[in-house]
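So the structure is just underneath, and the comments pick up after that.
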Amino acid sequence: MDKLQTVLIANRGEIAVRICRTAKKLGVKTIAIYSEADAASQHVRDADEAVLLPGSNATAYTDEDAILKIAKEKSADAVIPGYGFLSENAPFARRVSDAGLVWVGPSPEAIESFGVKHTARDLAAKADVPIVPGTKGLVEDEEEAAKEAERISFPVMLKATGGGGGMGLITCDNVKEMREGFKMVQSRGQTLFKNPGVFIEKYFPASHHIEVQVFGNGLGQAIHFGERECSIQRRHQKVIEECPSPFVERHPELRQKLGAAAVRLSESIKYGSAGTVEYLMDDQTGDFFFLEMNTRLQVEHGITELCYNVDLVELMLRQADAQLTGKGGLDGSELKQMQPSKPSGAAIEARVYAENPLRDYAPSPGLLQKVEWKDVPGSRVDTWVFTGSRITPNYDPLIAKAMAHSRSRDETISRMKELLTNSVISGPPTNLEFLVQILDDSRFASGETMTTFLKDFEFAPHAIDVISAGAYTLIQDLPGRPTVGKGIPHSGPMDPMAFQIANMLVGNPRGTEGLEITLSGPDLRFVGPAIVALCGAPMEATLDGDDFPMWTSVKIGAGQRLKIGKTIAGGCRSYLAIYGGLPAVAEYFGSKSTSPLVAIGGYQGRQLAPGDLLQIKADLPSKIEIVALPERLRLSYKTDWEISAMVGPHDEGYFAPEDIKMIYDTKWKVSHNASRSGIRLVGPVPKWARKDGGEGGAHPSNLVEYGYPLGTLNWTGDDPCIFPVDCPNFGGFTSSTTVIRADWWKLGQLKAGNTLKYVRVGLEDALKKRKRNDKFLDSIEQAVQTQSGFQQISNLQAGHVDFHECNIGKAIIWERAATADTPQVRYRQGGDDHLLVEYGNEEFDLNHRCRVTALEKALNSLDTPGEVKDNLYNTVGCCTTLLIYYNGAKLPRTELVSHLQKLEQSFGDLRSTKVPTRIFMLPISFESKLQDDATQRYMTNQRPHAPYLPDNLSFVAKNNAFTPQQLKDIYLTGQFMAVVVGFFCGNTVSLPVDPRQRMNAPKMNPSRVFTPEGTVGWAGSCMSIYPVDSPGGYQMTGRTIPCFDYYAQKPGFEKPWIFRDFDILTFYQVSEQELDDLLGKFRAGKFTFEYEDVEFDMADHNKMLQDSAEEVKKIRADQAKAQEEMTRAENESFERWQREKAENQVDESTIEKLLDDPSIISVEAPVDANVWKVEVKEGETVGEGSVIVILEAMKLEIAVKTPDAATAENAKLRVERLLVKPGDTVTAGGHLALLKKE
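Residue numbering for the sequence shown follows the working numbering, starting at 19 and increasing by one per position.
See the structure below:
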């Protein structure tokens, strides 16, 4: 390159990536532009520099002023537009040239000449290029159009003269259709292209769409690079393209004619750069007619490059360089020497889209959870996506252009099939299988590909089309993710018993992924045949209107529709197993389970939604045995439950003895707030055995953070909550009464309004019950496989394991007092699979954290005995504790305790040890509009007044006898030790290393429904960095770079969480704008975390603790006074708020009574959320699609409408009772309003 040094790429997606590739090869610097939606796109990462466009996602790439401004500010020499957006915008091309930059493309005059289709026809005619019979110019009205159509003879095509990309055209077979379509095409032309002009052309039903690639130097010389066939189109847009054309290969004399005509047309207007002349070719006669000229690079240019060994983008940039040097263009003689004689081999391109061919190719935006392209010889994939990319609704849903090239067309087809069949794109629906089936079609194999190809093409995928999704339908597998931790939930089915039996009945391995259906189920259309079984809580279910049996394997034929309705008795979850599972669903850390709270796994990390497409196994067994589980062996689901539980880690010393008795004597009621992450119970309040939580917090339920055992009864203040499989893995609230693993399945069936009573058992009985469950499942599996032996199996719920009260045990199963060199250590039990190791006496002390780290490393070392290592699921290390999650059925607790004791003995005194760690330097801004907005919404939707409102930072400062500036100085001068990484998505909780900088603050009550990613919060005695947008209760005091990357693709991320236990975090202040710029770099994968490897010297730290002891005492005394005052203010504010809420509270007994009326229909919340607006009034009549309530969750406004079933028969509905008001918090499945059929 002589003059072209820097080029701005005025585009996005795969074409921007493809341009970057050639520019880098030529040594040309690239400037990318991007919208907010594209911040993480590949072109942003690949470019030498990337600039965020202002304005909305929808208009960003057509903002001429902004793009020109960026080009000038970045000293670009040229602008290359790619295709789409501004690529054929003549006024913009002229503005670029007028600004002194080179437009990498044809001249504005050339764009204008061919931009209006009816004038392009005139140019073609002048260049002696055949044109399709049609009108000489535009037709003014329907009458003229009718006359012209009859003159030309039907069928004809109405075309918007400004159209392109298959938009603005309609085929008409008669005058009636032509009249009906005329105004529609006019309107589309005006709307889409700001040009209402319409002309008419003859339509050839049996035709080919063939185009010729040209390149001109703008000086009167042009060449061509052969033809491409693009006949296979959906909605007049290309799907599969070939080079060379199979039709032309059968009529080789056509290649010279097509090419010569295209070159004549190009040279007639001194065309410069790449362009494409498109022809319509009659299949019967071989006659060809000019359609249009695309004055830009075509999407499908890659297959021409493969067959002619040319880089068209390189030619375009060299042409631009020649223009910059004043030559006007490439040398004519050199250009003519590039003219090839024929193609080398054959190439095929398939456009891979995120779209659903079953729903008229509807775009399917969403998260791509796995992207993996098969490496096939001769293949090329031009793409902009990778695992973790998100297809947004703002742009064309093109994922990639998959290309294959070889010596022959047959071999190329084979390679293309291999590429498409073995590539993986998991997430929203794509057309991958659709493309493969086209390649398998006999007409394609023979090259009989005309423009009508897809009219007769029947796409028959092996899939389930989700018509409606039910209340809360998730994909789950077993065992989920028990070994990951760090804030990645355990996940898996809430009721593993019904889940496994369903899989057995269809012939799957027990853990195969299936659908977990809560409260009410989906409406599923089976596009392909399947074998399914529905097991769990009794639910209404029909197959094509006939009753559908539960606990039975059923063969469903292609086209059949399975509708699963509401639960009709006890229990709330059922499981639909499908033979072969759901093969296209991606694994995340080895599991396909969905954890919707953190948006990972399953189907795009969320519950199913209408329009989702679930791929199923293509090949069913040749012999299908229909198996029904005998009625007596089916699990029964109650409304009054008995659940076995062991002593929890904090039963003694935290709860008064009468509290523990109360827990087991009480018939607890299940709250409406019951979900996969927590099941709240309603009942008595404990008296507690202590006054406060010490350094953990003001309430006696507060503790220094520790790992939560699954199934535990966790006390947030005086409110009990059972923690099931999607709970956080640590926190600072006490745990008691841990449900044994054998009864976890019952937790999955607890429904709002149910009651439960705890039955106290010991470890021996817990393991007996677990063994009984396993034997029951093993027996059923064997009986299903052999089709016999059911009669020998006992009902699981008939009778019970003998319980031995004397073996219940205590919370603390072993302890050792502190010595001069070692801290006190206690081992606490947490069910039959968890053990909590605790150091010290609940005081934040990094000496304890050092010991926790040593124990955790020792447990995971090579020296750990096999029996321990093989049965160790996970560990959760916190400041003073280590939770050990292990397989209690295979590893006796006595052996685990013995091993831990040996390790403890080996550590000795660690107070002078040096711990390898890293010091991170992070930016922090104390201003954030996003946090201000979150606070304002909190005040509007959740709680209007509190001491921490509206300024969290000032509250935390005041609560600790600091000024706001002093608090900021602590952030800017302090070091914060990461004492635990987890909770959800690698949330990092840190403690100031210097005790003089330690503080305490209560959480917001209630917690926020939205916290921006990167929020630096404070609650209890610790700082927390929120890794993702999420709910949260920590007081928002600033914002930094998030610490989590779902797929660990950004710089510095070896795993999704970047921080490790014992890392040290430091901060430097930046403005809000500076932080936004850094966040943009982070999302684009261009931010690098700064850190250095160091050793943390515990001896130096302990000396500092000793030297500052007196100063710390005074600080704590001042803080205690301030906190006492703020606690009093909070109590007064909270009581006032509760009184205000109670004024309009609807009594639950009234709701239940109304629901007994069969004419009453409940409108339920689809997700946990706040009520934003109530759109109706009591007594008002509503109909189909009426919006009843608008909810707010995670900044999204969710319109809740009248249920489809309620208006299925055009029933009139009246709003009988509104149950919520703006500001109320609701849970998924909670009642919002009651409607009555009139």
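C-beta: ideal position from N, C-alpha, C; glycine also. Quantities reported herein were computed from a predicted structural model and do not represent experimental measurements.
Where residue i sits in the DSSP three-state scheme
i, result
"phenylalanine 1062", "strand"
"valine 886", "helix"
"methionine 957", "helix"
"threonine 991", "helix"
"glycine 293", "strand"
"glycine 152", "strand"
"asparagine 865", "helix"
"glutamate 198", "helix"
"threonine 1266", "Residue coverage of the chain in this structure runs from 19 to 1256, which leaves residue 1266 outside it and unanswerable."
Proximity of residue i and residue j at Cβ, strictly below 8 Å
i, j, result
"glycine 583", "glutamate 558", "yes"
"threonine 24", "alanine 94", "yes"
"proline 965", "phenylalanine 973", "yes"
"alanine 516", "glycine 488", "no"
"glutamate 1215", "isoleucine 1206", "no"
"leucine 1231", "leucine 1250", "no"
"arginine 849", "valine 779", "Note on residue identity: the sequence assigns glycine, not arginine, to residue 849. Not in contact: glycine 849 and valine 779 (Cβ atoms no closer than 8 Å)."
"valine 331", "isoleucine 37", "yes"
"glutamate 286", "glycine 293", "Strictly speaking, residue 286 in this sequence is serine, with glutamate absent from that position. For serine 286 and glycine 293, no; Cβs fall outside 8 Å."
"threonine 953", "proline 968", "yes"
"glutamate 860", "glycine 735", "no"
"leucine 909", "valine 886", "yes"
"glutamate 259", "glutamate 106", "no"
"leucine 119", "alanine 89", "yes"
"leucine 386", "glycine 406", "yes"
"threonine 430", "alanine 364", "yes"
"alanine 1217", "proline 1020", "no"
Residue i classed as buried or exposed, judged by whether at least 16 other C-beta atoms fall within 10 angstroms
i, result
"isoleucine 218", "buried"
"lysine 986", "buried"
"phenylalanine 110", "buried"
"leucine 1173", "exposed"
"arginine 1154", "exposed"
"tyrosine 371", "buried"
"lysine 360", "exposed"
"aspartate 923", "The displayed chain sequence assigns glutamine, not aspartate, to residue 923. Exposed: under 16 other Cβ atoms inside 10 Å."
"tyrosine 101", "buried"
"methionine 356", "exposed"
"proline 1176", "exposed"
Strand pairing of residue i, partner residues [DSSP]
i, result
"tryptophan 733", "Pro738"
"cysteine 553", "Tyr593"
"glycine 384", "Ile409"
"histidine 852", "Tyr903"
"glycine 1038", "Ala1019"
"phenylalanine 673", "Glu670"
"serine 1180", "Leu1252"
Residue-level contact to chain D via CB, residue i, 8 Å cutoff
i, result
"glycine 620", "Included in the structure is just one protein chain, with no chain D present."
Original post:
When the Cβ atoms of the region 203–217 are set against those of the region 244–255, are three or more pairs found closer than 8 Å?
Top reply: no
**OP:** Indicate whether the contact test is met: 3 or more Cβ pairs, each with one atom in the region 1045–1065 and one in the region 1074–1081, closer than 8 Å.
**Re:** yes
**OP:** Could you say if the region 276–283 and the region 223–230 meet the contact criterion of at least three C-beta pairs nearer than 8 Å?
**Re:** yes
**OP:** Determine, using beta-carbon pairs with one atom in the region 421–431 and one in the region 370–386, whether at least three such pairs fall under 8 Å.
**Re:** no
Subject >> Three CB pairs or more closer than 8 Å across the region 702–712 and the region 477–495 >> reply: no
Original post:
Contact between the region 1092–1105 and the region 1133–1142: three or more CB pairs below 8 Å?
Top reply: no
Subject >> Inter-stretch contact at 8 Å, needing at least 3 Cβ pairs: the region 119–129 / the region 51–60 >> reply: no
Subject >> At least 3 beta-carbon pairs within less than 8 Å: the region 1023–1031 vs the region 522–540 >> reply: no
Original post:
Within the chosen definition, does the region 722–736 reach the region 645–656 through at least 3 CB pairs nearer than 8 Å?
Top reply: no
**OP:** Check whether the region 834–844 touches the region 679–691, taking contact to mean three or more Cβ pairs, one atom from each stretch, closer than 8 Å.
**Re:** no
**OP:** Take every Cβ of the region 498–516, pair it with every Cβ of the region 738–753, and state whether three or more of those distances are shorter than 8 Å.
**Re:** yes
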